[in-house]
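Below: the structure, in structure tokens.
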Amino acid sequence: MRKLYQLNELVLLCRKLEERIHIAGENQVVEWIRQLAEIIIYGEQEEDARYFEIFIERQMLKHLVHEATRGESRRPRVESQVLQTLAILIQNVKSSHSLYLLLSSNHLNALIEGGETVFVRTNDET
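Each residue of the sequence shown is one higher than the one before, counting from 235 in the working numbering.
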């Protein structure tokens, strides 16, 4: 029986995000980030640490946070998807080591510090 997600699919998705996150359309980036979360959670449910290891080794958290805090050229739907993805990952990782890796990096601090662009919305944006 074929696994729902293969590791090579995760690697290809990471490569897309690494190479094209800044130039791809907003809808495409949102979909890639959504798929990334889905694949990582699948790996957690299958208790296959290799999925999360690829996520960490490819520094995807860094890429996601950078995209969510890019300032003047911000993309609100991407910002929202990054926040949703991080919340989903934090809630669903089973391994305490994986949770430690998510929470111990300075990337979440950068996201919080960049909060004036990510968390604060004007009335026009709500």
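We put the beta carbon where it would ideally sit given N, CA and C, even for glycine.
#### Entry: Cβ shell of Ser314 (< 7 Å), same chain only, five flanking positions each side left out
Locating residue 314 in the sequence shown gives position 80, counting from the first residue. Counting only Cβ-Cβ distances below 7 Å, and skipping sequence neighbours, we find nothing.
### Task
Can you tell me which of Gly305, Leu238, Glu252 puts its alpha carbon nearest to the alpha carbon of His297?
Walking along the sequence shown from the start, residue 297 turns up at place 63. His297 has its Cα closest to that of Glu252, out of Gly305, Leu238, Glu252.
### Query
So Thr319 packs on Leu270, CB below 8 Å; how close in whole Å?
In the sequence shown, counting from the first residue as 1, residue 319 sits at position 85. In the sequence shown, counting from the first residue as 1, residue 270 sits at position 36. Right, the Cβ-Cβ distance comes to about 7 Å (below 8 Å), so this counts as a contact.
### Task
Could you tell me the boundaries of the alpha helix (DSSP H) in which Val299 lies?
Sequence index remark: in the sequence shown, residue 299 carries index 65 (1-based). Counted as a single uninterrupted DSSP element, the alpha helix (DSSP H) harbouring Val299 occupies residues 294-302.
### Query
Out of Leu342, Ile288, Val316, Tyr334, which has the shortest C-alpha to C-alpha gap to Leu241?
Numbered from 1 along the sequence shown, position 7 holds the residue referred to as residue 241. The candidate whose alpha carbon is nearest that of Leu241 is Ile288.
### Query
Since Cys248 contacts Arg284 with CB under 8 Å, what's their CB separation in whole angstroms?
As a working note, residue 248 is residue 14 in the sequence shown. As a working note, residue 284 is residue 50 in the sequence shown. Taking C-beta atoms under 8 Å as the contact rule, Cys248 and Arg284 fail to qualify, at a distance of about 13 Å.
#### Entry: Residue from Phe286, Ile274, Glu301 with nearest C-alpha to Arg254
In the sequence shown, residue 254 corresponds to position 20, counting from 1. If we check each option's Cα against that of Arg254, Glu301 comes out closest.
### For Asn343, the first and last residue of its enclosing alpha helix (DSSP H)
Position 109 of the sequence shown holds residue 343. Its alpha helix (DSSP H) spans residues 341-347.
### Query
Cα-Cα, which of Lys250, Ser329, Lys237, Trp266 is closest to Glu281?
For the purposes of this step, residue 281 is taken as the residue at position 47 of the sequence shown. That would be Ser329, whose Cα lies nearest to the Cα of Glu281.
### Task
Check Val264 in the structure and name its three-state DSSP category.
Taking the sequence shown and counting its residues from 1, the one referred to as residue 264 is at position 30. Residue state, collapsed to three classes: helix.
### Candidates Leu335, Val327, His341, of which the one nearest Tyr276 by Cα
Indexing the sequence shown from 1 puts residue 276 at position 42. That would be Val327, whose Cα lies nearest to the Cα of Tyr276.
### Task
Return no unless some Cβ of chain D is closer than 8 Å to the Cβ of Arg268.
Among the chains in the structure shown there is no chain D, since it carries only a single protein chain.
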